[in-house]
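Counting in the UniProt record's numbering, the sequence shown runs from 1 upward without gaps.
Note that beta-carbon positions come from the ideal geometry of N, C-alpha and C, so glycine has one too.
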Amino acid sequence: MAAAKKEKLPHVEIGILGGTGFYEIEGIESIEEVKFETPFGKTSDAFIIGSLEGRRVAFLSRHGRGHKILPSKINYRANIYGFKMLGVERIISVNSVGSLKEQIKPRDIVFSDQFFDRTHRENSFFGEGITAHVSLAYPICPDLSRALFNTGEELKLRVHQGGTYICIEGPAFSSRAESNIYRSWDCSVIGMTSATEAKLCREAELCYATMNLVCDYDAWHEVEEPVTVEMVLESMKQNIHSAKAIIKKAVASLPPQREGRCECDRALKNCIVTQPDSIPEESKEKLRYIIEKYIKGNEEA
């Protein structure tokens, strides 16, 4: 299947990425399913597009409906680029995680602001004749993350702002030794997906915030049982209701345009090292949704 043309796709403001147990979101009106292939291949599933609290949103299940795709096998580049093709500027990512701190309890929600990436998967759009180096010093959009956290507080949920998400390859959970090492590194939560998405969103100049739904204490806790799939799914059932409530309320309150306080929409400025006349035409076309404004000379590359 050929990649969809820009002019044929609906325009969407906000993207929502659902993880384990989060395969749909109620309340979306005027729903249409949109499925297309990106220059990086197929997305995990069709985008569910519609109106949520008066805002145009696109929902995507990162593991596919029915949870068919392992964390290592997700086509992260296609998923994020697909959102970019739809015109999305902000992505809310919902993830199931384990806690690495005693004070972060199962069924809490953590809005992490840093990552430690231990994966070994494709995590850049660049290559094939074009080189770029973006900054990941602050990988989360502070405005979007703060809006979600504030909403959680307004709803009187157990929420935590900040902390480091350590991203492991999976699909196996950690050994007790690994879990304790991550604790010694002062990581707050552990998961398998979000760091990869954050890197790609930064290259795509998308605001990205992660809502981490705590299911367990990973494997380190001396009293609590080590994490199991059954434990994760049981906690997720209760967490999902809270996550959906935050999303619906926060989406309604977000300003229509990014206000410029964050630098997400300028993340690629001065980061493309390759001279425009040296970039292969195929790569220019493949990445046009990301690099077009820089290659055309409207901005400094």
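One alpha carbon belongs to residue 50, the other to residue 16, and they sit about 12 Å apart. A distance below 6 Å between beta-carbons, with the five flanking residues on each side excluded, links residue 145 to the following residues of its chain, in chain order: 111 and 209.
The beta strand (DSSP E) runs lying completely inside the region 143-195 and spanning 3 residues or more are 159-161, 164-167 and 189-191, given in chain order.
DSSP lists 14 and 50 as the beta-bridge partner residues of residue 57. By alpha-carbon distance to residue 184, the top candidate from 85, 100 and 29 is 100. Annotated three-state conformation of residue 94 is strand, per DSSP. One Cα belongs to residue 33, the other to residue 58, and the distance between them is close to 9 Å. DSSP places residue 204 outside both helix and strand once states are collapsed to three, so it counts as coil. Less than 8 Å separates the beta-carbon of residue 95 from that of residue 194.
Straight across, the Cα-Cα distance linking residue 191 with residue 168 is about 6 Å.
In this structure, residue 31 lies near residue 48, with their beta-carbon atoms less than 8 Å apart. Put simply, the backbone Cα of residue 66 is about 45 Å away from that of residue 277. By alpha-carbon distance to residue 85, the top candidate from 295, 247 and 285 is 285. For residue 79, the three-state secondary structure derived from DSSP is helix.
In this structure, the CA atom of residue 45 is about 14 Å from the CA atom of residue 70.
Burial check for residue 135: the Cβ neighbour count within 10 Å stays below 16, so the residue is exposed.
Separation of residue 28 and residue 93 (C-alpha to C-alpha, rounded to the nearest whole angstrom) is 17 Å. DSSP, read as helix, strand or coil, puts residue 30 in strand. Under the three-state reduction of DSSP, residue 251 is assigned to helix. Closest in alpha carbon position to residue 215, among 141, 234, 88 and 119, is 234.
Looking only at 187, 117 and 128, the smallest Cα-Cα distance to residue 103 is reached by 187. Taking the Cβ atoms as the reference, residue 283 lies roughly 5 Å from residue 130, within the contact range of under 8 Å. Contact between residue 203 and residue 125 holds: their C-beta atoms lie close to 5 Å from each other, under 8 Å. Out of 246, 35, 179 and 294, the CA that lies nearest to the CA of residue 52 is found in 246.
Counting the other CB atoms within 10 Å of its CB gives residue 266 a total below 16, which places it among the exposed residues.
In this structure, the straight-line span from the alpha carbon of residue 127 to that of residue 223 is close to 47 Å. With a threshold of 16 other beta carbon atoms within 10 Å, residue 139 meets it and is buried. In this structure, residue 9 lies near residue 36, with their beta-carbon atoms less than 8 Å apart. In this structure, residue 91 keeps its C-beta atom at 8 Å or more from the C-beta atom of residue 262.
Per DSSP, residue 109 lies in no alpha helix (DSSP H); the unbroken beta strand (DSSP E) holding it starts and ends at 109-111. Burial of residue 147 is indicated by the presence of at least 16 other C-beta atoms within 10 angstroms of its C-beta.
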